[in-house]
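Engineer: Could you have a look at this structure, given as structure tokens, before my questions?
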Amino acid sequence: MMGAARTNAGEVDDVSAGTSVRGAVGGAGAEATVYVIPGSHACRAGMLMLEHKRIPYRVVELVTGVHPFIVRLLGFPGNKQPIRSVDGRTHRSLALIDRMGTVPALRLGAERVQTNRAIARFLDRIQPQPPLFPSDPERRAAVEEAERWGDEVLQMAARRIALAAAARDTAEIYDRGGSGRLGALLSHHRALRTVHGHVAARLAFRANPNTERKLLAELPGMLDRVDAWIADGVLNGAELNAADFMIAPSIALISYRHDLRDEIAARPAGGMIDRILPMPPAAAAAAP
Ligand SMILES: N[C@@H](CCC(=O)N[C@@H](CS)C(=O)NCC(=O)O)C(=O)O
């Protein structure tokens, strides 16, 4: 089974898409399809950018774990070089997955685009308005720096921080990962979610009590950095940008952890996720 296909016209219960509209897209015209895995913070970044552009899109949820192979079978090129690392290195299983390819993977007409940074630039090219980057060169450079850090540092840290808790006991995360700001994490099936969480924590992302300690020690500094960008107007300004869409889903994922949620809520970063990824009412009713 490849996964569930659906449009984002609002009928999706666990994805607060809603803002996209149907209609012709910039020069492209064709409907976009975005391949994702359930609850992925990286995938939500891509979806938020499509919604910002008001480009209608269809979501195809792939089965977590086999998704790198499926995106390759679907004709996406994958990456010649690894794009991710844990603790400063790309071990063999991560390198293999990166070579096969990551999600979000966007298909629009004949174009296939992978990675959020490439998707951001592709979307600005085919449909310049509303932009994903400021036009002023200095402000653009600041947004690109935040976007790069959100991609290379925060996205992996968030994944590992959430996985470390979930692999220990899913009771440590919101609704045992069954719902929340990003929807159900990894799988809609509780038992499969637990299995995927264990495999991802152990094999791909090395999320264990040792690495978790280090990541948790670094977390306040990471959140300070996000708050400083918010104070400077780089993030969470009047016009949202590619860095907002890259960073907010990672903060939202970290806030699935019961022990970290209040700390995030008390910060400007908490206000940012309330704006960009509010808790869906159905998920709020499922608390804790
Ligand atoms: N940093 C890249 C990569 C995204 C990424 O890591 N996607 C994950 C899903 S959360 C993935 O496809 N992982 C493959 C795997 O680890 O199995 C981006 O933002 O596009």
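Reading the sequence shown from the start, the letters are residues 595 to 882 in my numbering. Ideal Cβ positions, reconstructed from N, Cα and C, are used throughout, including at glycine.
Using the Cβ count rule (16 or more neighbours within 10 Å means buried), how would you classify residue 745?
Structural biologist: Looking at its Cβ environment, which holds 16 or more other Cβ atoms inside 10 Å, residue 745 is buried.
Engineer: I'd like to check one pair, residue 777 with residue 713: are the Cβ atoms closer than 8 angstroms?
Structural biologist: For residue 713 and residue 777, no; Cβs fall outside 8 angstroms.
Engineer: What residue does the alpha helix (DSSP H) around residue 702 start on, and which one ends it?
Structural biologist: Segment 699 to 702 is the beta strand (DSSP E) holding residue 702; no alpha helix (DSSP H) there.
Engineer: State the Cα-Cα distance for the pair residue 880 and residue 633, rounded to the nearest angstrom.
Structural biologist: Straight-line Cα distance between these residues: approximately 16 angstroms.
Engineer: Any chance the CB of residue 843 is under 7 angstroms from a heavy atom of ligand 1?
Structural biologist: The answer is no for residue 843.
Engineer: How far does the beta strand (DSSP E) with residue 706 in it reach, from first residue to last?
Structural biologist: First-last of the beta strand (DSSP E) with residue 706: 705 to 708.
Engineer: Flag residue 782 as yes when its Cβ comes closer than 7 angstroms to any non-hydrogen atom of ligand 1, and as no otherwise.
Structural biologist: For ligand 1, not one heavy atom lies less than 7 angstroms from the Cβ of residue 782.
Engineer: Nearest-angstrom Cα distance between residue 860 and residue 825?
Structural biologist: Near 15 angstroms, if we compare the C-alpha coordinates of residue 825 and residue 860.
Engineer: Do residue 754 and residue 846 have their beta-carbon atoms positioned less than 8 angstroms apart in this structure?
Structural biologist: Cβ distance not < 8 angstroms, so residue 846 and residue 754 don't count as in contact.
Engineer: Using the three-state DSSP reduction, which class does residue 767 fall into: helix, strand or coil?
Structural biologist: If DSSP states are grouped into helix, strand and coil, residue 767 belongs with the strands.
Engineer: Could you pull out every residue in the same chain whose Cβ sits closer than 6 angstroms to the Cβ of residue 795, ignoring the five residues on either side in sequence?
Structural biologist: Here the set comprises 757, 761 and 801.
Engineer: Once you ignore the five residues that flank residue 855 on each side, which residues in its own chain have a CB closer than 7 angstroms to its CB?
Structural biologist: Same-chain partners within the cutoff: 849.
Engineer: Spatial neighbours of residue 750 within its chain, please: CB distance less than 7 angstroms, with the 5 preceding and 5 following residues excluded, ordered by chain position.
Structural biologist: Cβ within range, chain order: 678 and 680.
Engineer: Cutting at 6 angstroms between CB atoms, please list the residues of its own chain near residue 884, excluding the five before and the five after it.
Structural biologist: In the structure as shown, the chain begins at 595 and stops at 882. Residue 884 is therefore absent and cannot be evaluated.
Engineer: Quick one, which of 732, 814 and 711 has its alpha-carbon nearest residue 839's?
Structural biologist: Out of 732, 814 and 711, 711 has the C-alpha closest to the C-alpha of residue 839.
Engineer: Measuring only from the beta carbon, is residue 849 closer than 7 angstroms to any heavy atom that is part of ligand 1?
Structural biologist: It does not: the Cβ of residue 849 is nowhere closer than 7 angstroms to a heavy atom of ligand 1.
Engineer: Is residue 681 near ligand 1, judged by its Cβ being under 7 angstroms from some heavy atom?
Structural biologist: Checking every heavy atom of ligand 1 against the Cβ of residue 681, none is found closer than 7 angstroms.
Engineer: Determine the direct distance from the alpha carbon of residue 661 to that of residue 696, and round the result to whole angstroms.
Structural biologist: Distance between the alpha carbons of residue 696 and residue 661 is about 8 angstroms.
Engineer: When you compare each of 717, 649, 743 and 765 to residue 852 by their alpha carbons, which one comes out closest?
Structural biologist: Per the Cα distances, 765.
Engineer: Identify, in the order they occur along the chain, each residue of the same chain with its Cβ nearer than 6 angstroms to the Cβ of residue 767, setting aside the five sequence neighbours on each side.
Structural biologist: So the list reads 759, 760, 850 and 851, once near-sequence residues are dropped.
Engineer: Cβ of residue 691 versus every heavy atom of ligand 1: is any distance shorter than 7 angstroms?
Structural biologist: Yes - ligand 1 has a heavy atom lying nearer than 7 angstroms to the Cβ of residue 691.
Engineer: In the DSSP assignment, find the unbroken alpha helix (DSSP H) run with residue 625 in it and report its ends.
Structural biologist: Where residue 625 is concerned, there is no enclosing alpha helix (DSSP H), given that its DSSP letter is neither H nor E.
Engineer: So, is residue 830 buried or exposed, given that buried needs 16 or more other C-beta atoms within 10 angstroms?
Structural biologist: Under this definition residue 830 is a buried residue.
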